[in-house]
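K.L.:
Protein chains in written order, with this note's numbering: chain A, 1 to 289; chain B, 1001 to 1267. The beta-carbon is built from N, C-alpha and C at its ideal position, and this holds for glycine as well. These numbers were taken from a predicted model, which means no experiment stands behind them. One structure follows; several queries about it will come next.
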């Protein structure tokens, strides 16, 4: 069964005011349990608006969203239940830290869930471990940490709720390459080990190609493509027309093809690129790998 | 939610009200507010309200916007009405236990409610139709004579600009942080007063921290662009009074005179 099912979602900002804008329209798709879905789209296409619908921070102007088969807005008073099922990590989540210690901050979500102290402790340690938050930080003030460390604490604060869907909005924005790699591989590890679904919003085609199984392309507030990563990046020209791009490594293969070299272009990760090049060389009787 | 608060918001447009010189607009708004306290009877108040509604129509600002901005102030309006209703001196017409309602009470309650509505509508119209930057520019120009008394007019105006400029930013920021904490299960909308105040701590602390960070960054950015206060600073947009401004002012002054004249009406 789909863990998240979106049906004909429409959302209008500032309805009834001068300058009301329709951020989303005719959005329908579903995310299965255990999927790793990447969301891409040009700036202002409604990505952030869409993901805040997943845990009920915005109420659809029309259409509905089913989480685990239940209509989110059937009973607006029970909306908090869905917030624990769908964990949302906003852009620059380090600005939401507020507690005296890192431990207390990570424990904020689980405590709000009404869990007992032992369970909260277990979850905080689990989440800290997943996000690479060292045990020695736990008693420090979150404001003593560096930007990248704060970011990991903030993500741990959401993972500690053990949501069935983890939604991340640009979790690696503004980090150095090492920090990016670290956070995303930890998210991937969490996905693998917990079996929960992950939705990743990113502007980096490389990150999407590396981590996502499926890609949703949003354009002007509606779904332009929703398919497996291979199939989406195979439509390179369409993506580029939207002002998006394909991973750099795919661009190299497209360039090779246009130079008249007979090589497949369904390449979007570096290891697979190496394999494809080796195979192509072998086919031509050349060695080099 | 927070976005519904439209006080202090600016709706750009190109109506005669928008185009009016901001200095004149500011002075006329002040005049209107003073006149509101000079008018004492219902007919005058109704007329004053009609004047401001007419200006809204001229400025093409939907009345829905105005209604929305008044909603949060409803408790204050009702409180004032009730207070006037029961505590005005006069011959009681209805008496419930120790509460007396007199004819004068009803009269004062209606006048007072209309006066508050006019106050909100009038002052909101100024900010709806004038961008904060233009408005503070007008304040600075109007207060300039006080610089002789060593009043830091430019600095005060700059502080006002910055404060106004950051209201929408802070509202947006607050909403973002509230959403982030709600996503972690914060319950901001239920519980008794103490619980609600406590629930706000996770919102207020990040908000304070980011305000200080923003202030720091802004100060740095201003210094980088060689900001050194008002001395010798020139303006990109000079304010000029046009013929249209004079005509608008005369019409408005006439309307104000009529409003004041209603004092001598018997009702």
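Cα-Cα, which of A:250, A:176 and A:202 is closest to residue 170 of chain A?
P.N.:
That would be A:202, whose Cα lies nearest to the Cα of residue 170 of chain A.
K.L.:
Under three-state DSSP, which class holds residue 112 of chain A?
P.N.:
Helix at residue 112 of chain A.
K.L.:
When DSSP builds the beta bridges, which residues end up paired with residue 214 of chain A?
P.N.:
A:37 and A:228.
K.L.:
Apart from the five residues on each side of it in sequence, which residues of its chain come closer than 6 Å, Cβ to Cβ, to residue 1178 of chain B?
P.N.:
Here the set comprises 1203.
K.L.:
Compare the C-alpha of residue 212 of chain A against each of A:242, A:106, A:247 and A:243 and name the closest.
P.N.:
That would be A:247, whose Cα lies nearest to the Cα of residue 212 of chain A.
K.L.:
Which two residues bound the contiguous beta strand (DSSP E) that contains residue 191 of chain A?
P.N.:
Unbroken run through residue 191 of chain A is the alpha helix (DSSP H), 177-194; no beta strand (DSSP E).
K.L.:
Determine the chain B residues that contact residue 80 of chain A at a beta-carbon separation under 8 Å, and present them in chain order.
P.N.:
1185 and 1187, listed in chain order.
K.L.:
Among B:1047, B:1100 and B:1136, which has the Cα closest to the Cα of residue 1153 of chain B?
P.N.:
The candidate whose alpha carbon is nearest that of residue 1153 of chain B is B:1136.
K.L.:
Buried or exposed: where does residue 1227 of chain B fall if 16 or more other Cβ atoms within 10 Å of its Cβ makes it buried?
P.N.:
So residue 1227 of chain B ends up on the exposed side.
K.L.:
Express the C-alpha separation of residue 185 of chain A and residue 285 of chain A in angstroms, rounding to a whole number.
P.N.:
Looking at the two C-alpha atoms, the distance is approximately 37 Å.
K.L.:
What's the C-alpha gap between residue 204 of chain A and residue 236 of chain A?
P.N.:
Distance between the alpha carbons of residue 204 of chain A and residue 236 of chain A: 15 Å.
K.L.:
Within 10 Å of its beta-carbon, does residue 1208 of chain B have 16 or more other beta-carbons around it, so buried, or fewer, so exposed?
P.N.:
Exposed is the call here.
K.L.:
Using a Cβ distance threshold of 8 Å, determine whether the region 1008-1027 of chain B contacts the region 1120-1137 of chain B, with at least three qualifying pairs required.
P.N.:
Yes, the region 1008-1027 of chain B touches the region 1120-1137 of chain B.
K.L.:
When the Cα of residue 222 of chain A is compared with those of A:249, A:27, A:253 and A:158, which residue comes out closest?
P.N.:
Closest by alpha carbon: A:27.
K.L.:
Say whether chain A places a C-beta atom closer than 8 Å to the C-beta of residue 1268 of chain B.
P.N.:
Only positions 1001 to 1267 of chain B appear in this structure, which leaves residue 1268 of chain B out of reach.
K.L.:
Report the rounded CA-to-CA distance for residue 1001 of chain B versus residue 1173 of chain B, giving the unit in angstroms.
P.N.:
Below a pLDDT of 50, predicted positions are generally treated as unreliable, and residue 1001 of chain B, at 44, falls in that range; no measurement from the model is reported.
K.L.:
Taking CB distances under 8 Å as the criterion, tell me whether residue 36 of chain A reaches chain B.
P.N.:
Chain B, which has no Cβ nearer than 8 Å to the Cβ of residue 36 of chain A, makes this no.
K.L.:
Where does residue 56 of chain A fall in DSSP's three states?
P.N.:
Correct three-state label for residue 56 of chain A: coil.
K.L.:
Compute the beta-carbon to beta-carbon distance between residue 119 of chain A and residue 63 of chain A, rounded to the nearest angstrom, for a pair I have assumed lies under 8 Å.
P.N.:
36 Å between Cβ atoms; not a contact.
K.L.:
Should residue 146 of chain A be labelled buried (16 or more other beta-carbon atoms within 10 Å of its own) or exposed?
P.N.:
Exposed, because fewer than 16 other Cβ atoms sit within 10 Å of the Cβ of residue 146 of chain A.
K.L.:
Mind listing the chain B neighbours of residue 108 of chain A? Cutoff is C-beta to C-beta under 9 Å, in chain order.
P.N.:
1181, 1184, 1185, 1186 and 1202, listed in chain order.
K.L.:
Per DSSP, what kind of secondary structure is residue 1100 of chain B in: helix, strand or coil?
P.N.:
Residue state, collapsed to three classes: strand.
K.L.:
Can you name the residues of chain A whose CB is closer than 9 Å to the CB of residue 1210 of chain B?
P.N.:
Within chain A, the residues near residue 1210 of chain B are 95.
K.L.:
Tell me which residue opens and which closes the alpha helix (DSSP H) that residue 1171 of chain B is part of.
P.N.:
Looking at the DSSP string, the run of the alpha helix (DSSP H) that includes residue 1171 of chain B is 1153-1183.
K.L.:
Compare the C-beta of residue 1168 of chain B against all C-beta atoms of chain A and say whether one is closer than 8 Å.
P.N.:
Cβ-Cβ to chain A under 8 Å: no for residue 1168 of chain B.
K.L.:
If you check the beta carbons only, do residue 4 of chain A and residue 217 of chain A fall under 8 Å apart?
P.N.:
In this structure, residue 217 of chain A does not lie closer than 8 Å to residue 4 of chain A by Cβ.
K.L.:
For residue 52 of chain A, which residues in chain B fall below 9 Å Cβ to Cβ?
P.N.:
In chain order: 1179 and 1183.
K.L.:
In the DSSP assignment, find the unbroken beta strand (DSSP E) run with residue 13 of chain A in it and report its ends.
P.N.:
From DSSP, the beta strand (DSSP E) with residue 13 of chain A extends over 2-13.
K.L.:
At a CB-CB cut-off below 8 Å, which residues of chain A make contact with residue 1205 of chain B?
P.N.:
Neighbours of residue 1205 of chain B on chain A, chain order: 98.
K.L.:
What do you get for residue 1210 of chain B, buried or exposed, if any count of 16 or more other CB atoms within 10 angstroms of its CB means buried?
P.N.:
By the neighbour-count rule (16 or more Cβ atoms within 10 Å), residue 1210 of chain B is buried.
K.L.:
Give, in chain order, every residue of the region 1229-1251 of chain B whose Cβ lies closer than 8 Å to some Cβ of chain A.
P.N.:
Listed by position, the residues of the region 1229-1251 of chain B near chain A (Cβ gap below 8 Å) amount to none.
K.L.:
Can you tell me whether residue 136 of chain A is buried or exposed? The criterion is at least 16 other CB atoms within 10 Å of its CB, across all chains shown.
P.N.:
Classification for residue 136 of chain A: exposed.
K.L.:
Leaving out five residues on either side along the sequence, give the residues of the same chain with a beta carbon under 6 Å from the beta carbon of residue 282 of chain A.
P.N.:
So no residue of the chain qualifies.
K.L.:
Going by the C-beta, is residue 159 of chain A closer than 7 Å to any heavy atom of the ligand NAD?
P.N.:
Here there are no bound small molecules, and the ligand NAD is not part of this structure.
K.L.:
At a CB-CB cut-off below 7 Å, which residues of chain B make contact with residue 113 of chain A?
P.N.:
Result: 1185.
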